[in-house]
Amino acid sequence: MPFSKTTSSELLLARYHSLMADVPVVIFAGLSATAIQIIALRDGVDWRVSIALPLIRMTFAAMLFMYWFWHREDNPGIEKVRWRLRAASVVLIISGTITFFRSLYLFNHTDSFGHYFLVIYITLFGLCFAFIFSKIGIAAFIYNFLLISAALVCIFMGNFQQPYVLAGLVLVFEIGMLFAMRASNNVFDRLINATYETHTLLEENRRLANLDALTQLPNRRQFFLHVEQQLARAKKTAEPFAVGIIDLDNFKPVNDVYGHHTGDLVLREVGERLARVKIAGVQFYRLGGDEFAFEIVTDAQNAILKQVGKEINRIISQPMNVDGILINIKASIGACVFSNTKDTAQELYEHADFALYHMKRTGRGNMEIYSKTLEEERQHLHKVDQALRVADMEAELFPVFQPIINVGTGEISSFESLARWNSPTLGIVPPAVFIGVAESLGVISDLTRLMFHKSIIVMAEWPAHIRLSFNLSAYDVTNKAVIEELIYMVAQSRLHPSRFVFEVTETALLQDFATAKDNIELLRQAGARIALDDFGTGYSSLSHVQNLPLDKLKIDRSFIKDIETNTTSQTIVRSILALCQGMQVECVAEGAETGSQVQFLQQMGCQLVQGYFYSKPMAAEHIPAYLAEHELKQDLVA
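Using my numbering, you'd call the opening residue of the sequence shown number 46 and step up by one each time.
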């Protein structure tokens, strides 16, 4: 029927399922009414019409019931629904037509009781069944028209008293029924449409709740949901299942230099590139910020996982042209392979995150897979974390000092203060281990204040020309309250502010360059000096040098260890020395361990050198003897 082509699929399905629920009622009513008709008319009409034909109809109804019974749990597609509704429409119209002519035939062969019975019978069938089948559409109205027409014809054919009154009564009920049918259908359709719209909105909200709006990748919620599902499957099948976390190297400077709009465009481009990775089974997610993730079923040798890592690095490291700006970023990846049936999604994530942390600490732009060695390191860091939580910082933490020598004059230019921790349970803990833990615990500023206070006490005993170099963490250099407290401690020390050199790393500057620059300005205004540590290993070093009030650059030890043989290191060191000379800032070479390295650096024009060749970091009580010995050597040289 035409209606099935124009009605929406959702509404058509709703009408179909509503009709399916009414089928038993319709068949029961039809069978009962037909049985009553057989009883009422069996004596007055030929049995072939009064009994045989109704029995055929009842048999057909029984077959329809069986068909409904076997298909009552079906969930057919829209095309099958359209076909079934068309078939039902045809059957209903044929049934109405047969009933129309059969009623007229029966009317001519019955007595007055039969006349009344037929008018009531046809009218009730025409009204009730048409109402029940109204959701089919126009076929129900045709059926209604045929049966009501039959009733009206019978009224005027028979010998009824007041036929017009009786016909009027039938028409009144007919008109009421037509309005009821229309109203019922309208209410049903509106309800279904409203339900569908609500369902659509819920589905859209659910989709948005599980989708990252910027990159169109599944979000953090979906990541953990899918990992839980894959984990449950992996525990049953023992298939190697891996999760990975991707962190963009040097992304924060993109936001700082070019703004968050450009940063968002970069993240969107990264999402599009990850979506183009054509490795079977890999699914990518955006967890938030510049952190992405993936999960994949790998193999026993992790060849698939390693292939994913290489492809991620390859596709992300390709230059990006964003709003006419050429941007180069890389990705560090931490991964973890399911290996323990007790693993949870959160534990897999944390292990992958630790592998990522290790990768970013030891060398970026690659992938690290969580291993037994990393598990041991993580357990050790956990012990460090627990020990630091209960540590008596005043008693357990102390500074050691390493001299920086002017190779031209042989004089001690300054001592760099380095924090050390002697834990009662762990022994001596390297700063490379406990500093990161202190930052994660939020106690790094307490450690900074304590180490600076102890360093000032030791510094007070030094000759007036020797400076103190003191390292600031990323948290310190972006925390105005800490900077103001350090300035106050300098003022209270009654030592000249120019004797204090605060060292900051480029990594620290990347946290919040604008705030770091403002705080460095405060230190300079107080009279202190500023050094940029680990120069040459960070991002956009020249822009930092240009925009910061620096007094000193420290060449990273990675360029010094092979300075005598590596021509690339030699070229970099010469360039940094030339830069310092042009900017009229001091330059310190870190990590000199041999006399030949010191001589090589001196020949290149480097004046300040720090390293084991002169001294390892020494405790405060050893400094007086070192100063005396150094002064004696200077006197002998003189």
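In this text, a Cβ means the ideal position worked out from N, Cα and C, and glycines have one as well.
Whole-Å CB distance - residue i paired with residue j, under 8 Å assumed
i, j, result
"residue 293", "residue 458", "Between residue 458 and residue 293 the Cβ distance is about 39 Å, and since that is not below 8 Å, they are no contact."
"residue 684", "residue 567", "No answer is possible for residue 684: the residues shown for the chain start at 46 and end at 683."
"residue 331", "residue 264", "6 Å"
"residue 131", "residue 65", "15 Å between Cβ atoms; not a contact."
"residue 215", "residue 196", "6 Å"
"residue 200", "residue 232", "Not a contact, Cβ separation roughly 32 Å."
"residue 334", "residue 679", "In fact, because the Cβ distance is near 53 Å, the residues do not count as touching under 8 Å."
6 Å CB neighbourhood of residue i in its chain, flanking five on each side removed
i, result
"residue 512", "459, 544 and 546"
"residue 174", "none"
"residue 443", "465"
"residue 189", "171 and 175"
Option nearest residue i by Cα separation, candidates the options
i, options, result
"residue 402", "223, 387, 481 and 112", "481"
"residue 370", "290, 304 and 339", "304"
"residue 411", "382, 290 and 116", "290"
"residue 518", "532, 529 and 483", "483"
"residue 446", "193, 463 and 178", "463"
"residue 156", "129, 221, 643 and 205", "205"
"residue 319", "329, 310 and 311", "329"
"residue 452", "642, 487 and 162", "642"
"residue 104", "72, 126 and 675", "72"
"residue 579", "598, 564, 570 and 563", "598"
"residue 83", "668, 57, 166 and 126", "166"
"residue 345", "413, 531, 376 and 382", "382"
"residue 490", "530, 395 and 241", "530"
"residue 261", "665, 436, 337 and 224", "337"
"residue 316", "267, 360 and 243", "360"
"residue 475", "503, 108 and 433", "433"
Sequence-distant residues of its chain with Cβ nearer than 7 Å to residue i (five each side left out)
i, result
"residue 636", "602, 605, 606 and 656"
"residue 671", "660 and 663"
"residue 179", "185, 226, 229 and 230"
"residue 492", "438, 442, 464 and 483"
Residue i classed as buried or exposed, judged by whether at least 16 other C-beta atoms fall within 10 angstroms
i, result
"residue 137", "buried"
"residue 60", "buried"
"residue 50", "Below a pLDDT of 50, predicted positions are generally treated as unreliable, and residue 50, at 47, falls in that range; the measurement from the model is reported next regardless. By the 10 Å Cβ count, residue 50 comes out exposed."
"residue 14", "Limits of the chain in this structure are 46 at one end and 683 at the other, which puts residue 14 out of reach."
"residue 644", "exposed"
"residue 485", "exposed"
"residue 469", "exposed"
"residue 202", "exposed"
"residue 275", "buried"
"residue 497", "buried"
"residue 373", "exposed"
"residue 612", "exposed"
"residue 134", "buried"
"residue 620", "exposed"
"residue 146", "exposed"
"residue 407", "exposed"
"residue 257", "buried"
"residue 674", "exposed"
"residue 507", "buried"
Opposing strand residues paired with residue i [DSSP bridges]
i, result
"residue 287", "341 and 382"
"residue 466", "442 and 474"
"residue 333", "336"
"residue 576", "548 and 597"
"residue 293", "376"
"residue 514", "461 and 546"
"residue 447", "461"
"residue 674", "Its beta-bridge partners do not exist; DSSP assigns none."
"residue 352", "Paired residues: none, contrary to the question."
Same chain, Cβ closer than 8 Å to residue i, neighbours up to 5 away in sequence not counted
i, result
"residue 684", "Residue 684 lies beyond the residue range present for the chain, which begins at 46 and ends at 683; the question has no answer from this structure."
"residue 618", "600, 604, 605, 608, 634, 646, 649 and 651"
"residue 208", "200 and 201"
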